[in-house]
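Engineer: Just add 44 to wherever you are in the sequence shown, counting from 1, and you've got the working numbering.
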Amino acid sequence: MERVRVGVAAREAATEGRVGELASLSAHLSAATARWLELVWEMREEGDSSDLQAFLAWRCGITGREAREFLRVAEALQELPVTRAAFARGELTFTKVRALTRVATGSSEEGLLELAGALTASQLERALRAFRRVAAEDAAHAHELEYVDYYVDDDGTLFLRARLAAEDGTLLIRALEAARERVLERRRVERATTANDPQQQQQAEAEAGGASVVPPRPARVEALLDLAEASLASASEPRRERARVVVHVDAAALCTDGRGRSELEDGPLISPETARRLGCDADVVAQIERDGLPLSVGRSRRSVPPALRRLLEARDGHTCCFPGCERRRHLQAHHREHWAHGGETSIENLVLLCFQHHRVVHEGGYTVEGAADSGIRFRNRHGIVWPLAPPRPPPARADDLLAQNHAHGLRIDPNTNRNGSYGDFDLQRTVAAISSAAA
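(1) Could you round the C-beta distance between ASN461 and ALA67 to whole angstroms and report it? I think they count as a contact, below 8 Å.
(2) Let's test the definition: count the other Cβ atoms within 10 Å of the Cβ of ILE428 and tell me whether it reaches 16, buried, or not, exposed.
(3) Judging by CA-CA distance, which residue of SER390, ASP327, ARG423 and ILE391 is the nearest neighbour of PHE366?
(4) Nearest-angstrom Cα distance between ALA148 and PHE175?
(5) By how many angstroms is the C-alpha of GLU407 removed from the C-alpha of PRO262?
(6) VAL257 to VAL126, Cα distance in whole Å?
(7) Less than 6 Å between C-beta atoms, sequence neighbours within five positions excluded: which residues of the same chain meet that for ARG284?
(8) Can you name, in chain order, every residue of its own chain whose Cβ lies under 8 Å from the Cβ of LEU268, other than the five neighbours on each side?
(9) Using a Cβ distance threshold of 8 Å, determine whether the region 464 to 482 contacts the region 160 to 169, with at least three qualifying pairs required.
(10) Any idea if ASP325 is buried or exposed, counting beta-carbon neighbours within 10 angstroms, 16 or more meaning buried?
(11) Do VAL196 and LEU202 count as a contact pair if the criterion is CB distance below 7 Å?
(12) Evaluate GLN376 with the Cβ neighbour count: other Cβ atoms within 10 Å of its Cβ, from every protein chain shown; 16 or more gives buried, anything less gives exposed.
(13) Alpha carbon to alpha carbon, what distance is there between GLY213 and LEU189?
(14) If you check the beta carbons only, do THR88 and LEU100 fall under 7 Å apart?
(15) Of all the CB atoms in chain D, is at least one closer than 7 Å to the CB of THR145?
(16) Among the candidates GLY105, PHE114, ALA71 and ARG231, whose CA atom is the shortest distance from the CA of LEU81?
(17) Around the Cβ of ASP360, are there at least 16 other Cβ atoms within 10 angstroms (buried) or fewer (exposed)?
(18) Sorted by chain position, which residues of the same chain lie with C-beta nearer than 6 Å to GLU234's C-beta, five sequence neighbours on each side aside?
(19) On a CA-only basis, which of VAL293, LEU355, LEU216 and ASP270 is nearest LEU228? Give me that one, please.
(20) Excluding sequence positions up to five away, which residues of its chain have a Cβ less than 7 Å from the Cβ of LEU208?
Below, the structure is given as structure tokens:
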């Protein structure tokens, strides 16, 4: 009997040790995540990357949606010093911090932190959702506040802003999500087609592990554009011409990077490099002017004729040629040497690129050059050939994380993480406490 009691005590001690290590490592991970967010914000403030969300997704192995959420939380924490400090000490998990940043302000964060320490993460999220519903405007007032607005920024980027009542917003979200599902299904079919095609599968395997400088266009962005195209091509307007983007650009600006007009019709100015990208695979109309008045207008001609386009698609396998990219829709023919600079519109001078990588090559300063092994290769503006995959991170150990946090002056133990009380809680009283703290 004594031996049995000793065995049970040993197992209980081992379990307690594992639980303590589990809780300690959780707090260490929270502190490390807080430090990671600080580094992310420093990069944003110092302008280390023009597209930080895409860079984080690529370099840190996360999705674009996760990167966007991390950036949102990092920005919100700049106005919440007490929450940021508790997060940095490992007292709060990222899940709790993420929930708090949707409600907390500089004046209410201390009261909300007390609740966050007493509640579990799921309880806190549930209580904050209930509080936001209680604090929302009534339905009539919500309709009065509805609007849809847009504007074009100085760099030509379109910003959309809208506020809709709950039922109308739900309708829009359902339409957008349905379009997103169609986009995802289309991508699945494309991947299946590639898998069933030995030639395309061999090409995909040769590029396995590749990564692109910019992640694929988000599915919701493509879904929104599909909705717009479907609206313009609706059956109720069968004769309506497909929407076009008209660019007015002077020859000097297009050919020699000199002075001259380069602008969208009824829109903002654009850079000559953007005009060259748009002109890679487009209808081109030459117009001769004198003193701003047109003297003659030439016939419209297609930069890349349909027959040549079919040859190009067959050669490149109907796939973007940028390393690691597998996009097969919305591909554009890129002139390695632009026709405005004397480059020929020939299959030797053309390469298929998706919309995003076509933009990267032009506005991002990339060049496409020949390579003996792979046919072409991409070199960035610093002269570095783009790798097929991001550099691998060094092997990680829990001891390294603990030592790093210790070096930052953190003293973490199993009780550092304020995990809250597991079990039932009074939602109504909790929402009242949140209302009091946020008042």
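Glycine residues also receive a C-beta, built at the ideal position from the N, C-alpha and C atoms. Since the model is a prediction, treat every value here as computed from it, not as a measurement.
Structural biologist: On the basis of the supplied data:
(1) The residue labelled residue 461 in the question sits at position 417 within the sequence shown. The residue labelled residue 67 in the question sits at position 23 within the sequence shown. Yes, ASN461 and ALA67 are in contact; Cβ-Cβ is about 6 Å, under 8 Å.
(2) As a working mapping, residue 428 is identified with position 384 in the sequence shown. Note on ILE428: under 16 other CB atoms within 10 angstroms of its CB, so exposed under the neighbour-count rule.
(3) For the purposes of this step, residue 366 is taken as residue 322 along the sequence shown, with counting starting at 1. PHE366 has its Cα closest to that of ARG423, out of SER390, ASP327, ARG423 and ILE391.
(4) Against the sequence shown, residue 148 aligns to sequence position 104. Against the sequence shown, residue 175 aligns to sequence position 131. Their backbone Cα atoms lie some 12 Å apart in a straight line.
(5) Within the sequence shown, residue 262 is the residue found at index 218, counting from 1. Within the sequence shown, residue 407 is the residue found at index 363, counting from 1. Looking at the two C-alpha atoms, the distance is approximately 20 Å.
(6) Position 213 of the sequence shown, counted from the first residue, corresponds to residue 257. Position 82 of the sequence shown, counted from the first residue, corresponds to residue 126. Caution applies to VAL257, whose pLDDT of 45 falls short of 50 and renders its modelled position unreliable; the value that the coordinates give is listed next. Cα-Cα distance, rounded: 36 Å.
(7) Counting from 1 along the sequence shown, the entry for residue 284 is found at position 240. Reliability fails at ARG284, whose pLDDT of 40 lies under 50, so the model's placement of it is uncertain and no value is given.
(8) Reading the sequence shown from its first residue, position 224 is the one you call residue 268. Around LEU268: LEU220 and ALA223.
(9) yes
(10) For the purposes of this step, residue 325 is taken as the residue at position 281 of the sequence shown. By the neighbour-count rule (16 or more Cβ atoms within 10 Å), ASP325 is buried.
(11) For this step, residue 202 is matched to residue 158 along the sequence shown. For this step, residue 196 is matched to residue 152 along the sequence shown. Yes.
(12) Stepping through the sequence shown from its first residue, residue 376 is reached at position 332. The residue is buried, with at least 16 neighbouring Cβ atoms inside 10 Å.
(13) Taking the sequence shown and counting its residues from 1, the one referred to as residue 189 is at position 145. Taking the sequence shown and counting its residues from 1, the one referred to as residue 213 is at position 169. Distance between the alpha carbons of LEU189 and GLY213 is about 13 Å.
(14) Counting from one through the sequence shown, the residue named residue 88 turns up at place 44. Counting from one through the sequence shown, the residue named residue 100 turns up at place 56. Strictly speaking, residue 88 in this sequence is Arg, with Thr absent from that position. Not closer than 7 Å, so no.
(15) In the displayed structure, chain D is absent; only one protein chain is listed.
(16) Within the sequence shown, residue 81 is the residue found at index 37, counting from 1. Ranking the options by Cα distance to LEU81, first place goes to PHE114.
(17) Locating residue 360 in the sequence shown gives position 316, where the first residue counts as 1. Answer is buried; the Cβ neighbour count reaches 16.
(18) In the sequence shown, residue 234 corresponds to position 190, counting from 1. Answer for GLU234: ARG372, listed in chain order.
(19) One-based indexing of the sequence shown puts residue 228 at position 184. For LEU228, the nearest C-alpha among the options comes from ASP270.
(20) Position 164 of the sequence shown holds residue 208. So the list reads GLU190 and LEU216, once near-sequence residues are dropped.
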